[in-house]
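Q: Following this message is one structure expressed as structure tokens.
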Amino acid sequence: MNLTFENIHPKFKLDDNYFDREALKEVAYSYIKEGTSYEQTIGNFLMDWLDDEIYVTVFTSGSTGKPKPIRLDKQAMVHSALATGDFFGIKPGDAALQCLPSNFIAGKMMLVRAMILGLSLDLVAPTSNPLKNNDATYDFCAMIPLQVENSLEQLHQIKTLIVGGAPASSALIKRLQKVSTKIYATYGMTETITHVAAKPLNNLPKGKKSYYKTLPNIHISSDERNCLVIDAPRIHNEKISTNDVVEIISETEFDWLGRFDNVINSGGVKLHPEQLEEKLSPFINTRFFVSAIDDSKLGKKLILLVEDKQQILDVSELLKIIKQSNKFSKFEIPKEIYAVENFIETSTGKVQRSETVASLSL
Numbered sequence: 012m013n014l015t016f017e018n019i020h021p022k023f024k025l026d027d028n029y030f031d032r033e034a035l036k037e038v039a040y041s042y043i044k045e046g047t048s049y050e051q052t053i054g055n056f057l058m059d060w061l062d063d064e065i066y067v068t069v070f071t072s073g074s075t076g077k078p079k080p081i082r083l084d085k086q087a088m089v090h091s092a093l094a095t096g097d098f099f100g101i102k103p104g105d106a107a108l109q110c111l112p113s114n115f116i117a118g119k120m121m122l123v124r125a126m127i128l129g130l131s132l133d134l135v136a137p138t139s140n141p142l143k144n145n146d147a148t149y150d151f152c153a154m155i156p157l158q159v160e161n162s163l164e165q166l167h168q169i170k171t172l173i174v175g176g177a178p179a180s181s182a183l184i185k186r187l188q189k190v191s192t193k194i195y196a197t198y199g200m201t202e203t204i205t206h207v208a209a210k211p212l213n214n215l216p217k218g219k220k221s222y223y224k225t226l227p228n229i230h231i232s233s234d235e236r237n238c239l240v241i242d243a244p245r246i247h248n249e250k251i252s253t254n255d256v257v258e259i260i261s262e263t264e265f266d267w268l269g270r271f272d273n274v275i276n277s278g279g280v281k282l283h284p285e286q287l288e289e290k291l292s293p294f295i296n297t298r299f300f301v302s303a304i305d306d307s308k309l310g311k312k313l314i315l316l317v318e319d320k321q322q323i324l325d326v327s328e329l330l331k332i333i334k335q336s337n338k339f340s341k342f343e344i345p346k347e348i349y350a351v352e353n354f355i356e357t358s359t360g361k362v363q364r365s366e367t368v369a370s371l372s373l
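Per the working numbering, residue 12 is the first one in the sequence shown, and the count goes up by one each step.
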């Protein structure tokens, strides 16, 4: 059967109730008029999905700038849902949990997957602890790292979990190794209608490194900057050039190294903040990131910013520990460490690096 966005799978359920297209419009309308804030957002998207237009307007996350509206073809969103179903082995009738805000693409696509793949979808408020007071079991769910962190004791209730929105820290990944759930990091963006690749975060053979593997009908290459180029003809009419520096492992696999626009040239040495942050993570138990500021000798000077809500960080001691670890070259050791009470964030909780650096009193 050639599925279109006008199809509602006969096994689709919302909060344990079956709905066809017309009944779902009534539910959407009631959410808008009588629902909570998150239900109103769901209702607005459902009304957009069920109207006569062939596209929906969504906003980018704003992680690299101000959120901007873009149009996504509804049929392309159907293809994205089908690719996710194939990749993760999702079947009609499977139970899924929607705990992401539905004003951005990740939350919207959980609704689309449910309608197209025939899932039984439970709706909960997009809180930092979505499994609290919930003993149900689910075949599929999507979360951001903060939600995963706060749900560790209950993750066994989920068979397959995808994690996106921000990279999972090394400390969190280490804690996931004892969890029975199959957990994947996802790679994607609003323009690619969420993820186009995923890699396992746990249940890996000891010593084996995991790479992102593309979903069906996704083709990858790299440009002269070694940045990822995505060819997804069923999702986007043109190839998508990214600012993500990658190493192409095979036709279907790649290793993500960091953002091209984050690369720091310090004294002629190119440093990838994301790789340094992975090496630094065992030494810091709160949020942090590395960046750079202007320097008369080096051009750019490497700095480390640590979120210190309690204002208890001993900067000198941390720098001493980093130096004594012998894990870093002299170029990788931060020249300065700054304790910041609160990082500046987007509305979806992503750290705004440049704005946070700009807020420093230098």
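Cβ atoms here follow ideal geometry from the backbone N, Cα and C, with glycine treated the same way. Quick caveat, the model's predicted, so the values are computed rather than measured.
#1: Can you have a look at Thr138 and say buried or exposed, based on whether 16 or more other CB atoms are within 10 angstroms of its CB?
#2: Just to confirm, are Leu132 and Leu108 a CB contact at a threshold of 9 Å?
#3: Quick check: His206 and Leu226, are their CB atoms within less than 9 Å of each other?
#4: Expressed to the nearest angstrom, what Euclidean distance is found between the alpha-carbon atoms of Met58 and Val301?
#5: Determine which residues share a DSSP beta bridge with Glu249 and list them.
#6: Look up Pro80 in the DSSP assignment and say whether it is helix, strand or coil.
#7: Closest to Lys22 by CA distance: which of Leu187, Arg245, Tyr66, Leu130 is it?
#8: Output the distance between the C-alpha atoms of Ile379 and Asn296, rounded to the nearest integer angstrom.
#9: Could you tell me which whole alpha helix (DSSP H) segments of length 4 or greater appear in the region 173-197?
#10: Start and end of the beta strand (DSSP E) containing Arg270?
#11: Would you call the region 143-158 and the region 108-123 touching, i.e. three or more CB-CB distances under 8 Å?
#12: Quick one: Cα of Leu215 to Cα of Ile184, how far?
#13: Determine the direct distance from the alpha carbon of Ser233 to that of Leu291, and round the result to whole angstroms.
#14: Can you tell which of Glu264, Val256, Ser261, Glu262 has the C-alpha that lies nearest to the C-alpha of Asp272?
#15: Can you check whether the CB of Tyr198 is closer than 9 Å to the CB of Leu172?
#16: Below 8 Å on the Cβ atoms is my guess for Leu11 versus Val190; work out the distance and round it to an integer in Å.
#17: Going along the chain, which residues of its own chain have a beta-carbon closer than 8 Å to the beta-carbon of Ile81, five neighbours each way excluded?
#18: Between the beta-carbon of Ser277 and the beta-carbon of Phe342, is there less than 9 Å?
#19: Measuring alpha carbon to alpha carbon, tell me which of Leu324, Glu258, Ala182, Lys219 ends up nearest Arg270.
#20: Quick check on the burial criterion: 16 or more other C-beta atoms within 10 angstroms. Buried or exposed for Leu371?
#21: Can you give the beta carbon distance from Phe299 to Leu316, rounded, assuming they're within the 8 Å contact cut?
#22: Going straight from the alpha carbon of Leu287 to that of Lys219, what length do you get?
#23: Please classify Pro216: does DSSP put it in a helix, a strand, or coil?
#24: Would you kindly work out how many angstroms separate the C-alpha atoms of Leu83 and Val89, rounded to a whole number?
#25: Quick one: what's got a C-beta closer than 6 Å to Lys24's C-beta in the same chain, skipping five residues either side?
#26: Tell me whether Ser292 sits in a helix, a strand or coil according to DSSP, three-state version.
#27: Have a look at Phe99, His230, Ala350, Lys85 and flag the residue whose alpha-carbon is nearest the alpha-carbon of Ile260.
#28: Do the CB positions of Leu268 and Glu285 come within less than 9 Å of each other?
#29: How long is the line joining the alpha carbons of Ser180 and Tyr49, rounded to whole angstroms?
#30: Please look up how many angstroms separate the CB atoms of Phe294 and Ile344, rounded, as I've assumed it's under 8 Å.
#31: Thinking C-beta only, is Ile19 closer than 9 Å to Arg32?
#32: Identify whether His374 lies in helix, strand or coil by the three-state DSSP scheme.
#33: Let me know the secondary structure DSSP gives Lys102 once reduced to three states.
#34: Just to check my reading of the structure: Ala303 and Val326 have Cβ atoms closer than 8 Å, yes? What is that Cβ distance to the nearest angstrom?
#35: Closest to Phe160 by C-alpha separation, out of Glu262, Gln168, Asn140, would be which residue?
#36: Taking 9 Å as the cut-off, decide whether the C-beta atoms of Lys224 and Glu264 are in contact.
A: For this structure:
#1: exposed
#2: yes
#3: yes
#4: 43 Å
#5: Its beta-bridge partners do not exist; DSSP assigns none.
#6: strand
#7: Leu130
#8: In this structure the chain extends from 12 to 373, so residue 379 is not present and cannot be described.
#9: 181-187
#10: 264-270
#11: yes
#12: 11 Å
#13: 28 Å
#14: Val256
#15: no
#16: A question about residue 11 goes unanswered here, because the residues of the chain that appear run from 12 up to 373.
#17: Thr68, Val69, Phe70, Thr71, Thr201, Glu202
#18: yes
#19: Glu258
#20: exposed
#21: 6 Å
#22: 20 Å
#23: coil
#24: 11 Å
#25: Ser131
#26: helix
#27: His230
#28: yes
#29: 28 Å
#30: That pair is no contact at about 12 Å.
#31: yes
#32: With the chain represented from 12 up to 373, any question about residue 374 goes unanswered, as that position is not in the structure.
#33: coil
#34: Not a contact, Cβ separation roughly 18 Å.
#35: What sits at residue 160 in the sequence shown is Glu, not Phe. With distances taken between Cα atoms, Glu160 lies closest to Asn140.
#36: yes
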